[in-house]
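In the numbering used here, the protein residues as written are 1498 to 1956.
All C-beta atoms in this analysis are idealised placements derived from N, C-alpha and C, irrespective of residue type, glycine included.
All values reported here derive from a predicted model rather than from experimental measurement.
Reading through the structure tokens given below for one structure.
This is how it looks when you write it as structure tokens:
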């Protein structure tokens, strides 16, 4: 076989660039992104032939060759062609392609579809990844033309690949969610072997911290407090007159992003909402309005319009009180007092209960959080307080925070600190065990499907 020219070789690699082949790079079977016959790049002397038939679909030798080029371009060590090891590796690729095609056929049989916007997003990503392998648009266009396609056809091919991959992902996800997956055993030896392979190419584990966090929120005082209370009463009176929620949102809400849409937040998952808001919304029935609910943004009236699965369609009215500089200073003074209590050994849950309303009602305990994620929550990264190099047992704060409302003050009690270092099996043991368990369960199901599928391997 003659060598590919540089541009065509890169494009051959890119034709299946989006395939889930990372497992093959780790000597685990995984499927390439396409199993239909693919036109091989110009300049290659090859006698294309069928190497497998799965159901009514053929897999060609050129499909394997393109996938091998793709693996090589992504850094995999592909054995030299013509060697015994190359043939073994090619057989692994073929088996992966067969599995992938079975996934796709099962997805079609199950009536799985992929939303158009998701297909477009995936196809655009594939195109961008491919473009990144060339120094210019012209170089990429020439490489595409060497395959016998124009750019429109190339984009159409990527879109077909994206749709197929989306269907496979959705089908596998459905399998993983089944409650009747076959029981399997994963040994500690299997976990350790998988970890050894996994850890070879992993960057150092970031510094990790476990901590308790309290957030002190400023409250309005004087005339500002009286004003927001009066507005709250007006909204409640309007509800008593049975006025439409969307009409009241346009009339009263301070949320400029949703006011003209009648307070519409749309379909929301609970994890996307601050805790008091989420607790109130998930404590209400469809059609019910609740409030006022206090968050760091102000006071909310919330309407749950509809429910589907784990999501709810929500509207809200936000009454945002005026927070003055003296209110922020008062919150900072309270935060200093609470920090002193934490240093004296006070229970943070007890402090939350005592100062409920001014201490944000949200999660307190956090475990094994990357240090960078913690310090990024605070204005200036907490550098002046020493939080960037924390000590277990220390309480840091008050630390200014900006979360879309007035300045708040965070208090952080460090429970444990692990400096940056190599990843350890204890960091990922549970995830690896679950991954191996799911893989074994899916493999059993796939073998059952394979047994009932016409497969003719001619490699």
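Burial state of residue i (16 or more Cβ within 10 Å)
i, result
"residue 1679", "exposed"
"residue 1662", "buried"
"residue 1951", "exposed"
"residue 1488", "Absent from the structure is residue 1488, since the part of the chain shown begins at 1498 and ends at 1956."
"residue 1720", "exposed"
"residue 1822", "exposed"
"residue 1535", "Residue confidence for residue 1535 is low, a pLDDT of 39 falling below 50, so the modelled location carries little weight; the figure read from the coordinates is stated next. The residue in question, residue 1535, is buried, as its Cβ has 16 or more Cβ neighbours within 10 Å."
"residue 1883", "exposed"
"residue 1832", "buried"
"residue 1948", "exposed"
"residue 1627", "buried"
"residue 1805", "exposed"
"residue 1783", "exposed"
"residue 1653", "exposed"
"residue 1651", "buried"
"residue 1746", "buried"
"residue 1752", "buried"
"residue 1559", "buried"
Nearest candidate by alpha-carbon position, reference residue i, set the options
i, options, result
"residue 1975", "1676, 1770 and 1834", "This structure leaves residue 1975 out entirely; the chain is present only between 1498 and 1956."
"residue 1684", "1586, 1931, 1918 and 1560", "1931"
"residue 1869", "1731, 1855 and 1886", "1886"
"residue 1611", "1628, 1660, 1641 and 1851", "1660"
"residue 1699", "1922, 1653 and 1940", "1922"
"residue 1844", "1875, 1909, 1823 and 1786", "1909"
"residue 1743", "1911, 1637 and 1762", "1762"
"residue 1692", "1941, 1920, 1946 and 1949", "1920"
"residue 1695", "1911, 1676 and 1926", "1926"
"residue 1899", "1872, 1893, 1890 and 1916", "1872"
"residue 1440", "1786, 1855, 1825 and 1553", "The shown model of the chain, from 1498 to 1956, leaves out residue 1440, and the question about it has no answer."
"residue 1764", "1888, 1807, 1728 and 1724", "1807"
"residue 1467", "1755, 1903, 1777 and 1583", "Residue 1467 lies beyond the range of the chain shown here (1498 to 1956); nothing can be said about it."
"residue 1939", "1676, 1642 and 1729", "1676"
"residue 1788", "1803, 1812, 1766 and 1768", "1812"
"residue 1686", "1815, 1913, 1578 and 1933", "1933"
"residue 1671", "1576, 1722, 1645 and 1601", "1601"
"residue 1552", "1790, 1929 and 1598", "1598"
"residue 1709", "1896, 1862 and 1722", "1862"
"residue 1896", "1889, 1874 and 1890", "1874"
"residue 1803", "1755, 1791, 1781 and 1797", "1781"
"residue 1911", "1729, 1929, 1891 and 1945", "1891"
"residue 1756", "1726, 1722, 1737 and 1798", "1798"
Residue i in three-state terms, based on DSSP
i, result
"residue 1508", "With a pLDDT of 43 at residue 1508, under the threshold of 50, the predicted position of this residue should be treated as unreliable, though the coordinate-derived value follows. It is helical."
"residue 1514", "Because the pLDDT at residue 1514 is just 37, under 50, the model does not fix this residue reliably, and the value given afterwards should be weighed accordingly. Three-state DSSP puts residue 1514 in coil, outside helix and strand."
"residue 1730", "helix"
"residue 1594", "helix"
"residue 1893", "strand"
"residue 1824", "helix"
"residue 1542", "With a pLDDT of only 42 at residue 1542, under the threshold of 50, the placement of this residue in the model should not be trusted; the figure read from the coordinates follows. DSSP places residue 1542 in coil when its eight states are reduced to three."
"residue 1948", "helix"
"residue 1782", "coil"
"residue 1647", "coil"
"residue 1845", "helix"
"residue 1609", "coil"
"residue 1549", "strand"
"residue 1574", "coil"
"residue 1775", "helix"
"residue 1915", "strand"
"residue 1554", "strand"
"residue 1864", "strand"
"residue 1641", "helix"
"residue 1884", "coil"
Supposed close pair residue i, residue j - CB separation, criterion 8 Å
i, j, result
"residue 1620", "residue 1668", "The pair is not a contact, with the Cβ atoms about 19 Å apart (cut-off 8 Å)."
"residue 1549", "residue 1954", "5 Å"
"residue 1715", "residue 1835", "Actually they are not in contact, since the Cβ atoms of residue 1715 and residue 1835 sit about 14 Å apart, beyond 8 Å."
"residue 1707", "residue 1837", "About 22 Å; that fails the 8 Å criterion."
Same chain only: Cβ atoms within 7 Å of residue i, ignoring 5 sequence neighbours per side
i, result
"residue 1924", "1702"
"residue 1935", "1673"
"residue 1915", "1704 and 1705"
"residue 1525", "Per-residue confidence for residue 1525 stands at a pLDDT of 36, beneath the threshold of 50, marking its modelled position as unreliable; no derived number is given."
"residue 1577", "1583"
Cβ-based neighbour list, residue i, same chain, cut-off 8 Å, excluding 5 preceding and 5 following
i, result
"residue 1587", "1561, 1565 and 1956"
"residue 1901", "1793 and 1794"
"residue 1718", "1821, 1823, 1824 and 1827"
Same chain, Cβ closer than 6 Å to residue i, five either side skipped, listed in chain order
i, result
"residue 1556", "1532, 1548, 1549 and 1594"
"residue 1712", "1857, 1905 and 1907"
Cβ-heavy atom distance, residue i to the ligand SAH, below 7 Å
i, result
"residue 1827", "Absence of the ligand SAH is noted for the structure shown, with no ligands found whatsoever."
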